[in-house]
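Enquirer: I'd like to ask some things about the structure below.
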Amino acid sequence: MFSLARRAVAPQIRADGLHRERHIHALSKICSDVPLLSRKPNLTTYPAQRCTQKQVTCGGPGHRSHLTSALLRPSFQSSIARLLPPLSPRNMSTVATADPNRLPTNVKPTHYDVTIRTDLENLTFEGFVIVSLDIKEETSTIVLNSADLSFEQVSLTTDTKKERLVPTSQAVDGDRISFTLPTSLPAGSKAELSIGPYTGPLGNSMTGYYRSEYKEGGKTKHYSLTQFEPIDARRAFPCWDEPLLKATFAITMISHADTVNLSNMPSNSEKIYVPGNAEFSVLEEKFPLLRTLGGEWKVTTFDTTPPMSSYIVAFANGPFSYLESSAKMPSGKTVALRIYATSDLIHQAQFALDVKEKVLPLYEEVFGVEYPLPKLDTLVASDFDMGAMENWGLITGRTTAFLLDPNTTDTGAKKQVFTTQSHEMGEVIIAVFPEFKPKSDFIGDHLNQALALDAKRSSHPIEVECPTADHINQIFDSLSYAKAASEARFLKGVSIYLQNKLYGNGTSKDLWEGISKATGLDIVSLMENWVTKIGFPVLTVTETPTGIQDFALDTSKPFKLNAGTAGVYRVLYTPERLSKIADEAAQVDSPFSVDDRMGLVYDAMALSKAGLSKLSSALTLVDKLRNEKEFLIVDVIASNLSGLVSTWWEYPEIVGNLNAFRRSLFVPLVKELGYDYSDGEATDIIRLRTTVITNAALAGDESVINELRARFDHFRKTGDDSRIPPGLQRVTYQMAVKYGGREEYDAVKQIQLSPRTPTSKTAAIIALGHAQDPALIKETFEYLLSSARDQDFTYWLRGLSTNPKSKRQVAQFFKDEYQVIYKRFELNATLKYLVEISFGSLSTTKDYEETEAFFKDKEVSKYSLSLAQTLDTIRARVGYIGRATEDLAVWLSGWRGRTDLGKELHKAIL
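Each number in the numbering used here comes from the position in the sequence shown (counting from 1) with 142 added on.
In structure tokens, the structure reads:
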């Protein structure tokens, strides 16, 4: 009595933003925990491999059902692989000298000897690099990467000639520099290229070798660190800055004696520099001005690394403190573990250190590859562009990624820390912190985000060519991470891949061959559809009275397609079938798991947005789940309803009714759970309380808002924040600013200036964007431009962009200050996020046209993909509003009518 039909409008792309899937092959039974059907009693079926259509009968003889198989396209993108060979999207491989975007293949670097002298007082650095080269083809020209570095001397020696060769000329082309030699180098020979001393600035761009600042005793001080991914090692030392060109690295650092030097490997020597001492004669030859420097300096040398790509080289210098531990590995060796931060922050790093100690041995056990380095450090930076970076032996990242105060931190911040630390070593966390339900969390944190982005016209495949350097930063999005990680279940195959490619370079095909070997299945051909194409399948379920019998399935019993929401596709039911499933899902003893119920809500909402089903049908599902108390499902409902309010933000009557519906769902849970958190409470209860209080307040419930404001007023008047639990910081600050005035605004502003924790700073920044007074909104924009730290810029804009009073002002601000913003962020990844935040919440055809027109004459190469996705978002929202407004208004009106009638009947009974 039901059929599953894969929509075969190929390769049509809908204007509403959802890709209708192409004809694709089905995935056979690869993994026992990826079933297609979930039902009671349990029934699991798998589509046959290479089958485009399978007919099944449900209900009895003569009843027909179609099952058109959909591809469950598994892939793997665990960051654990970054500690070993990178996959092809990462490899800017030197495939041919004819490719203008790749370095020539005539020479290959094998070893770098890099010396860096860091001057934190003058915010500059000086360097000298010697590169060992294999000459692959006869050549008189050497081309490599360099950016923002000033050279004094360049020379080359070979194993065939004793004299030192000095280039007769050099030319600069963007981030490349070429040296022409007076004579050709024969193929098969070896050479050493020496460049230096060279100088560069310790800028604040959060790329290359840059500076970060902190406060000590009221004074601003600095330290330095690197961020080279994807193509910024060239800003710290001249190099062949393409991941394919692996080499070993020997790092030496010269710094002020009262600072700490860090790099990928352990230090093997650290000595105070003595001018004129024969021990330092080589350094004095490299840096002629070294003798003339005032103050006390020291020289730190580090062990040579294994072969690795330039983008995971790392070093840092500053007044760091550390916490330390060690991990006993399954291989028998002990790995030294440390976390470094400035002295004012280091006490908040213990949890991240504990996570590292537990996770690292699991990585070695699961993947069957010995951790190759003797230590694994983490450096916490106050200024950092990305969340974190998996440099070999020296992980780096921002404060919110690694720090928390156990006494004042909510579970969300704790989850972020353990997820980030684990992610940078490999996503093997289920056995370490099961209370966070990472398998179920994955559906919301990754799978749904990936499907939402992959439904856009501007989506991209997982495996994509990067024609230019600017393109690389743009593909580091939720699709590359989340869609690719949606089926990381073939660990044995991954282990084979890692062992085969240790210290080498790999392609995606190498990975699929490893999984094929482990499973005995043809993964290579199967994965072609998954990694090289965009979009995903939609299974359409309909019920018909007649048909061909294959096997019986009694549809009088509950069933759900995509059991456990394990498959990477959406399922479309008729409104009648979805309503029946909702009735069963709402039962206390429902056969549908938490993952199943999450998937039902995500699919219903996404398909209504795409115009494939009615929004009223999705809301009926949500309404029937109103007694749900599982945090993950309540959170899915809350986020989707919040999204509807953000979509119809310029329709006050609809927003009012939506907020009434939200209050009806969340306020009863607030009354049940209360505002206070107890020691020993289950993690899900803690997270549920935070979610329902936050969403009840955002929906305008007066009792919740008044309670939160009263707690904030107590803090503002007394300085005692004990009545503001960590889980309620963000919403409490937001309600204080939104419903308060100058005094509340200034109090929250002071929190962001002198925060107790990184999470409280972020909460305060976002809250300041919710002021309703035009004067305070103007003040926020002015502060953003004049005083906000670069790494916090997105938080400030995000707060303002979610405030209806300032939403359009954010877009205008970006336009008015475009030149300043572009110059400030052109070197890092922040720029693409600023485009999304500034324009992504707009919702009219006029908005779309004006946004498109603004960027028409701009150089958008650094954020072209982000811009395309943002325009897609606006266009999809316009279509959604046009299609669903009447349906939404009618459903909400009917709901309110039923609710009001119910209240009257209740009063009459009383």
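Glycine residues also receive a C-beta, built at the ideal position from the N, C-alpha and C atoms.
#1: Which whole-angstrom value is the C-beta distance of residue 481 and residue 444, which I expect to be below 8 Å?
#2: Within the same chain, show all residues whose beta-carbon is closer than 7 Å to that of residue 997, passing over the 5 residues directly before and after it, in chain order.
#3: Around the C-beta of residue 246, are 16 or more other C-beta atoms found within 10 angstroms, so that it is buried, or is it exposed?
#4: Quick check on residue 819: does DSSP put it in helix, strand or coil?
#5: Measuring CB atoms only, is the region 270-285 touching the region 353-372, in the sense that at least three cross pairs come out at less than 8 Å?
#6: Give a yes or no on contact between the region 805-823 and the region 751-762, applying the rule of three or more CB pairs nearer than 8 Å.
#7: Relative to the C-alpha of residue 954, which candidate in 519, 971, 920 has its C-alpha closest?
#8: Starting from residue 511, follow the beta strand (DSSP E) in both directions and report where the run begins and ends.
#9: With a CB to CB cut of under 6 Å and the five nearest residues on each side skipped, what residues in its chain are close to residue 409?
#10: Tell whether a beta-carbon distance below 7 Å holds between residue 271 and residue 375.
#11: Using alpha carbons as the reference points, say which of 900, 658, 856 lies closest to residue 1070.
#12: Which residues bound the beta strand (DSSP E) around residue 395?
#13: Assuming residue 706 is part of the beta strand (DSSP E), what are its boundary residues?
#14: Report the rounded CA-to-CA distance for residue 939 versus residue 248, giving the unit in angstroms.
#15: Between 525, 542, 521, 527, which has its C-alpha nearest residue 533's C-alpha?
#16: Check residue 293 in the structure and name its three-state DSSP category.
#17: Ends of the beta strand (DSSP E) at residue 993?
#18: Between which residues of its own chain and residue 769 is the CB-CB distance below 7 Å, once the five residues before and five after are set aside?
#19: Taking the DSSP output, what are the residues bridged to residue 95?
#20: To which residues does DSSP link residue 494 through a beta bridge?
#21: Report the start-end ranges of each alpha helix (DSSP H) in the region 744-823 that is 4 residues or longer and not cut off at the edges.
#22: Between which two residues does the alpha helix (DSSP H) harbouring residue 324 extend?
#23: Considering Cα atoms alone, identify which of 333, 316, 317 is closest to residue 323.
#24: Pull up the distance between the alpha-carbon of residue 964 and that of residue 931, whole angstroms please.
#25: Helix, strand or coil: which one does DSSP assign to residue 1006?
#26: Between 967, 916, 933, 962, which has its C-alpha nearest residue 942's C-alpha?
#27: Taking the beta carbon of residue 1034 as the centre, do at least 16 other beta carbons fall within 10 Å, making it buried, or is it exposed?
#28: Exposed or buried, which one is residue 849 when buried takes at least 16 other CB atoms within 10 Å?
#29: Return the bridge partner residues of residue 412 from the DSSP annotation.
#30: Buried or exposed for residue 867, please, with buried defined as at least 16 other CB atoms from any protein chain shown within 10 angstroms of its CB.
#31: Where does residue 378 sit, in a helix, a strand or coil, going by DSSP?
#32: Helix, strand or coil: how does DSSP classify residue 330 here?
#33: How many Å lie between residue 294 and residue 962 at the Cα?
#34: Per the DSSP calculation, residue 343 is bridged to which residue(s)?
#35: Quick check on this structure: which residue in 339, 707, 803 has the alpha carbon closest to the alpha carbon of residue 259?
#36: So residue 782 and residue 743 are supposed to be a Cβ contact under 8 Å. How far apart are they, rounded?
Expert: According to the data block:
#1: To locate residue 481, count along the sequence shown from 1; it is residue 339. To locate residue 444, count along the sequence shown from 1; it is residue 302. Not quite, the Cβ-Cβ distance comes to about 18 Å (not below 8 Å), so this is no contact.
#2: Indexing the sequence shown from 1 puts residue 997 at position 855. Here the set comprises 1009.
#3: Within the sequence shown, numbered from 1, the residue matching residue 246 stands at position 104. Classification of residue 246: buried, given that the 10 Å Cβ count is 16 or more.
#4: Counting from one through the sequence shown, the residue named residue 819 turns up at place 677. Residue 819 falls in the coil class under three-state DSSP.
#5: No: fewer than three Cβ pairs fall under 8 Å.
#6: Between the region 805-823 and the region 751-762, the count of C-beta pairs closer than 8 Å stays below three; the two stretches do not touch.
#7: Here residue 954 refers to the residue found at position 812 of the sequence shown. For residue 954, the nearest C-alpha among the options comes from 920.
#8: As a first step, residue 511 must be located in the sequence shown, where it is residue number 369. No beta strand (DSSP E) contains residue 511, which DSSP labels as neither H nor E.
#9: In the sequence shown, the residue the question calls residue 409 occupies position 267. Beyond the five residues adjoining it in sequence on each side, residue 409 comes within less than 6 Å, by CB distance, of 442, 444 in the same chain, given in chain order.
#10: In the sequence shown, residue 271 corresponds to position 129, counting from 1. In the sequence shown, residue 375 corresponds to position 233, counting from 1. No, the Cβ-Cβ distance between residue 271 and residue 375 is not below 7 Å.
#11: The question about residue 1070 has no answer, for the chain in this structure spans 143 to 1052.
#12: Taking the sequence shown and counting its residues from 1, the one referred to as residue 395 is at position 253. Run containing residue 395: 390-398, per the beta strand (DSSP E) assignment.
#13: By 1-based counting over the sequence shown, the position of residue 706 is 564. Counting along the chain, no beta strand (DSSP E) covers residue 706, and no H or E run does either.
#14: Counting from 1 along the sequence shown, the entry for residue 939 is found at position 797. Counting from 1 along the sequence shown, the entry for residue 248 is found at position 106. The straight-line gap from Cα to Cα measures roughly 47 Å.
#15: Against the sequence shown, residue 533 aligns to sequence position 391. Checking every option, the nearest Cα to that of residue 533 belongs to 521.
#16: Against the sequence shown, residue 293 aligns to sequence position 151. Looking at residue 293 - three-state DSSP - the assignment turns out to be strand.
#17: One-based indexing of the sequence shown puts residue 993 at position 851. Run containing residue 993: none in the beta strand (DSSP E); it sits in the alpha helix (DSSP H), 987-997.
#18: Position 627 of the sequence shown, counted from the first residue, corresponds to residue 769. Once the five neighbours on either side are set aside, the close Cβ partners of residue 769 are 728.
#19: The structure shown does not extend to residue 95, since the chain is modelled only from 143 through 1052, so no value can be given for it.
#20: The residue you call residue 494 lines up with position 352 of the sequence shown. Within the DSSP bridge table, the entry for residue 494 names no partner.
#21: Counting only runs of at least 4 residues, the region 744-823 fully encloses the following alpha helix (DSSP H) elements, listed from N- to C-terminal order: 757-766, 773-789, 794-815.
#22: Working through the sequence shown from its first residue, we reach residue 324 at position 182. Counting along the chain, residue 324 falls outside any alpha helix (DSSP H), though it belongs to the beta strand (DSSP E) covering 318-327.
#23: Indexing the sequence shown from 1 puts residue 323 at position 181. Nearest option by C-alpha distance: 333.
#24: As a first step, residue 964 is located in the sequence shown; it is residue number 822 there, counting from the start. As a first step, residue 931 is located in the sequence shown; it is residue number 789 there, counting from the start. If I take the Cα positions, the gap works out to 15 Å.
#25: Along the sequence shown, read from residue 1 onward, the residue named residue 1006 stands at position 864. Of the three classes helix, strand and coil, the one that applies to residue 1006 here is helix, per DSSP.
#26: Within the sequence shown, numbered from 1, the residue matching residue 942 stands at position 800. Nearest C-alpha to residue 942: 916.
#27: Looking up residue 1034 in the sequence shown gives position 892. Buried, by the Cβ-count rule.
#28: Residue 849 sits at position 707 when you count from the first residue of the sequence shown. A residue is called buried when at least 16 other Cβ atoms come within 10 angstroms of its Cβ; residue 849 meets this threshold and is buried.
#29: Working through the sequence shown from its first residue, we reach residue 412 at position 270. In the DSSP output, where bridge partners are listed per residue, residue 412 has 442.
#30: The sequence position of residue 867 within the sequence shown is 725, counting from 1. Burial call: buried.
#31: On the sequence shown, position 236 is the one that residue 378 refers to. Looking at residue 378 - three-state DSSP - the assignment turns out to be coil, as it is neither helix nor strand.
#32: In the sequence shown, the residue the question calls residue 330 occupies position 188. Three-state DSSP puts residue 330 in coil, outside helix and strand.
#33: Here residue 294 corresponds to residue number 152 of the sequence shown, with the count starting at 1. Here residue 962 corresponds to residue number 820 of the sequence shown, with the count starting at 1. Rounded to the nearest angstrom, the two C-alpha atoms are 32 Å apart.
#34: On the sequence shown, residue 343 is found 201 positions in, with the first residue counted as 1. Note: residue 343 sits in a beta bridge opposite 266.
#35: For the purposes of this step, residue 259 is identified with residue 117 of the sequence shown, where counting begins at 1. Nearest option by C-alpha distance: 339.
#36: Here residue 782 is taken as the residue at index 640 of the sequence shown, counted from 1. Here residue 743 is taken as the residue at index 601 of the sequence shown, counted from 1. Indeed they touch by this definition, with Cβ atoms about 6 Å apart.
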